[in-house]
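Line by line, the protein sequences give chains Z and S. The numbering used here applies: residue 108 is where the first sequence begins, and numbers increase by one. The numbering used here applies: residue 82 is where the second sequence begins, and numbers increase by one. All C-beta atoms, glycine included, are put in the ideal place defined by N, C-alpha and C. Notes to accompany the following structure.
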Amino acid sequence: DSGVTQTPKHLITATGQRVTLRCSPRSGDLSVYWYQQSLDQGLQFLIQYYNGEERAKGNILERFSAQQFPDLHSELNLSSLELGDSALYFCASSEGGNNEKLFFGSGTQLSVL
Amino acid sequence: GENVEQHPSTLSVQEGDSAVIKCTYSDSASNYFPWYKQELGKRPQLIIDIRSNVGEKKDQRIAVTLNKTAKHFSLHITETQPEDSAVYFCAASMGGQNFVFGPGTRLSVLP
Numbered sequence: 108d109s110g111v112t113q114t115p116k117h118l119i120t121a122t123g124q125r126v127t128l129r130c131s132p133r134s135g136d137l138s139v140y141w142y143q144q145s146l147d148q149g150l151q152f153l154i155q156y157y158n159g160e161e162r163a164k165g166n167i168l169e170r171f172s173a174q175q176f177p178d179l180h181s182e183l184n185l186s187s188l189e190l191g192d193s194a195l196y197f198c199a200s201s202e203g204g205n206n207e208k209l210f211f212g213s214g215t216q217l218s219v220l
Numbered sequence: 082g083e084n085v086e087q088h089p090s091t092l093s094v095q096e097g098d099s100a101v102i103k104c105t106y107s108d109s110a111s112n113y114f115p116w117y118k119q120e121l122g123k124r125p126q127l128i129i130d131i132r133s134n135v136g137e138k139k140d141q142r143i144a145v146t147l148n149k150t151a152k153h154f155s156l157h158i159t160e161t162q163p164e165d166s167a168v169y170f171c172a173a174s175m176g177g178q179n180f181v182f183g184p185g186t187r188l189s190v191l192p
């Protein structure tokens with residue numbers, strides 16, 4: 108167990124809908140990262156937050172948004188869902204600062220039908 | 082931004098042989114290079130990492146080497162075992178930002 112908690116584990120929804128994925132980082136970690144992993148694909152970096160502020164942005168679609176709350180948990184919002192958004196979404200956390208070791212959650216498997 | 086390439090995409094070795102996976106990065110400012118192992122249906126897990134001020138690091142059967150001048154780093158697994166079969170990802174980061182992963186290498190260790 109990495110200490111990073113993601114909910115829900117599975118999500119099935121329809122095209123055009125909106126969903127929210129939730130991540131609780133390891134205790135003491137200030138940085139949260141979101142990644143998308145499509146079937147048999149690599150880890151595509153979406154966005155990073157550090158202590159509530161956006162720190163880096165990857166290939167995140169405009170339909171997607173995220174935020175990190177004062178208690179450091181993070182939410183990834185996916186709207187106007189398309190079939191191609193079906194993927195495994197991972198959250199990872201790190202202490203931040205000079206300690207960059209990423210610890211991944213178990214992921215949320217999103218299926219858009 | 083940072084771009085990480087990884088080769089080969091698939092690798093099959095006999096049990097007991099060595100496996101080598103190579104990555105190149107584009108941003109000379111990157112200073113942290115971890116390797117992750119992802120078993121089927123599971124989360125990526127950190128197996129070893131190296132910082133830009135170190136040329137080589139070893140942990141039992143795995144080692145990582147870094148060539149800053151050429152901007153490439155490699156993972157070496159010796160005496161491979163069936164449980165080493167997984168997808169391996171390299172990554173590059175600059176101070177924890179722009180944490181970019183390579184496309185992955187699927188390693189199969191044949192008994």
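Min CB distance Q155 (chain Z) to chain S below 8 Å: By 1-based counting over the first sequence, the position of residue 155 (chain Z) is 48. Yes, Q155 (chain Z) counts as interfacial toward chain S.
Under 8 Å between C-beta atoms of K118 (chain S) and I102 (chain S): Counted from its first residue, the second sequence places residue 118 (chain S) at position 37. Counted from its first residue, the second sequence places residue 102 (chain S) at position 21. No, Cβ-Cβ distance for K118 (chain S) and I102 (chain S) is not below 8 Å.
Beta-carbon gap between F170 (chain S) and G149 (chain Z) smaller than 8 Å: Along the second sequence, one-based indexing puts residue 170 (chain S) at 89. Along the first sequence, one-based indexing puts residue 149 (chain Z) at 42. Yes, Cβ-Cβ distance for F170 (chain S) and G149 (chain Z) is below 8 Å.
With 16 other Cβ atoms within 10 Å as the buried cut-off, status of L190 (chain Z): Counting from 1 along the first sequence, the entry for residue 190 (chain Z) is found at position 83. Counting Cβ neighbours within 10 Å, L190 (chain Z) comes out exposed, since fewer than 16 surround it.
Delimiting residues of the beta strand (DSSP E) encompassing S90 (chain S): Here residue 90 (chain S) refers to the residue found at position 9 of the second sequence. No beta strand (DSSP E) holds S90 (chain S); DSSP gives it neither H nor E.
Secondary structure of G203 (chain Z), DSSP reduced to three states: Along the first sequence, one-based indexing puts residue 203 (chain Z) at 96. It is a strand residue.
Whole-number beta carbon distance between Y140 (chain Z) and A199 (chain Z), since they are thought to touch under 8 Å: Here residue 199 (chain Z) refers to the residue found at position 92 of the first sequence. Here residue 140 (chain Z) refers to the residue found at position 33 of the first sequence. 5 Å between Cβ atoms; contact.
Cross-strand partners of R142 (chain S) (DSSP beta bridge): Reading the second sequence from its first residue, position 61 is the one you call residue 142 (chain S). DSSP, once it has assigned bridges, lists no residue as partnering R142 (chain S).
Alpha-carbon spacing of R187 (chain S) relative to S172 (chain Z), whole angstroms: Your numbering for residue 187 (chain S) matches position 106 in the second sequence. Your numbering for residue 172 (chain Z) matches position 65 in the first sequence. Distance between the alpha carbons of R187 (chain S) and S172 (chain Z): 31 Å.
DSSP beta-bridge partners of Q148 (chain Z): The residue you call residue 148 (chain Z) lines up with position 41 of the first sequence. DSSP lists no partner for Q148 (chain Z).
Under 8 Å from the C-beta of G159 (chain Z): neighbouring residues of chain S: As a working note, residue 159 (chain Z) is residue 52 in the first sequence. Chain S residues near G159 (chain Z): none, gap ~15 Å exceeds 8 Å.
Distance, P89 (chain S) Cα to G97 (chain S) Cα: Here residue 97 (chain S) refers to the residue found at position 16 of the second sequence. Here residue 89 (chain S) refers to the residue found at position 8 of the second sequence. Each residue's Cα considered, the two are about 19 Å apart.
Three-way DSSP call (helix, strand, coil) for D192 (chain Z) in this model: Position 85 of the first sequence holds residue 192 (chain Z). D192 (chain Z) falls in the helix class under three-state DSSP.
Residue-level contact to chain S via CB, Y196 (chain Z), 8 Å cutoff: Here residue 196 (chain Z) is taken as the residue at index 89 of the first sequence, counted from 1. No - not a single Cβ of chain S is within 8 Å of the one on Y196 (chain Z).
Simplified DSSP state of D108 (chain Z), which is helix, strand or coil: Translated into the one-based positions of the first sequence, residue 108 (chain Z) becomes position 1. Residue state, collapsed to three classes: coil.
Closest residue to N193 (chain S) among Z:I119, Z:D147 and Z:N166 (Cα-Cα distance): Any property of residue 193 (chain S) remains undetermined from this structure, which presents chain S solely from 82 to 192.
Closest Cα partner of F197 (chain Z) within the set Z:E207, Z:L128, Z:L188 and Z:A121: Locating residue 197 (chain Z) in the first sequence gives position 90, where the first residue counts as 1. Cα-wise, what sits closest to F197 (chain Z) is Z:L128.
Interface residues of chain Z facing Y113 (chain S) [CB-CB closer than 7 Å]: Here residue 113 (chain S) is taken as the residue at index 32 of the second sequence, counted from 1. Residues of chain Z passing the Cβ test: E207.
7 Å Cβ cut-off: residues of chain S touching G123 (chain Z): Walking along the first sequence from the start, residue 123 (chain Z) turns up at place 16. By Cβ distance, chain S contributes nothing, its closest Cβ being about 28 Å from G123 (chain Z), past 7 Å.
Outcome for D165 (chain S) when other beta-carbon atoms lying within 10 angstroms are tallied against a minimum of 16: On the second sequence, residue 165 (chain S) is found 84 positions in, with the first residue counted as 1. Result: buried.
Residue range of the unbroken beta strand (DSSP E) whose run includes I131 (chain S): In the second sequence, residue 131 (chain S) corresponds to position 50, counting from 1. Start and end: Q126 to R132.
Beta carbon of S109 (chain Z) nearer than 8 Å to that of G212 (chain Z): For the purposes of this step, residue 109 (chain Z) is taken as the residue at position 2 of the first sequence. For the purposes of this step, residue 212 (chain Z) is taken as the residue at position 105 of the first sequence. Yes, Cβ-Cβ distance for S109 (chain Z) and G212 (chain Z) is below 8 Å.
Span of the beta strand (DSSP E) around H180 (chain Z): Looking up residue 180 (chain Z) in the first sequence gives position 73. Where H180 (chain Z) is concerned, there is no enclosing beta strand (DSSP E), given that its DSSP letter is neither H nor E.
Nearest neighbour of S131 (chain Z), chosen from Z:Q113, Z:K164, Z:A121 and Z:Q143 [CA to CA]: Within the first sequence, the letter at position 24 stands for residue 131 (chain Z). The shortest Cα separation from S131 (chain Z) among Z:Q113, Z:K164, Z:A121 and Z:Q143 belongs to Z:Q113.
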